[in-house]
Amino acid sequence: MGACCYVNSSLQYGIGETGSKTIRQGSGVLSLCWVCVEDIIYVAVYASSNLGLNVIKDSLQHIITRPGEKIIAVDFNTDTMASNRTAQAFLDYFADHNRYPTLPSNTPTTFSST
């Protein structure tokens, strides 16, 4: 489990700050990495479903409050399309920071038997 950012080699000279962080809390884990390319911060986040929202918010705070453009890709193991308090809390947190999901309302879900 983890998050990583891959940058096209044609952009390698525009790379600025990079970083990563892994947080373990009980049986939960959060993996976060970021890379600044020119003036945009790209962030990848993985959080296990049993990790509290406060841990996620605390770990993102130093990035999400920075000035500049950000693209944040997340795997929170929470169905943000569902109508429940956990999903709404994620959406509200990002909306509070002027960030909105790009998923259409009809995203298909598939299940594997393996």
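The working numbering numbers the first residue of the sequence shown as 51 and each following residue consecutively.
Just so you know, even glycine gets a beta-carbon here, dropped at the ideal spot from N, CA and C.
Going by beta carbons, Ala-139 and Leu-103 fall inside the 8 angstroms limit.
Ala-123 sits away from Ser-81, with the two beta carbons spaced by 8 angstroms or more. In terms of Cα proximity to Leu-61, the closest of Gln-75, Val-85 and Thr-115 is Val-85. For Arg-116, the CB contacts under 8 angstroms within the same chain, skipping 5 residues up- and downstream, are Ile-91 in chain order. Sequence-distant Cβ neighbours of Val-87 in its own chain, meaning closer than 7 angstroms and more than five residues away, are Val-57, Leu-61, Gly-64 and Ile-65.
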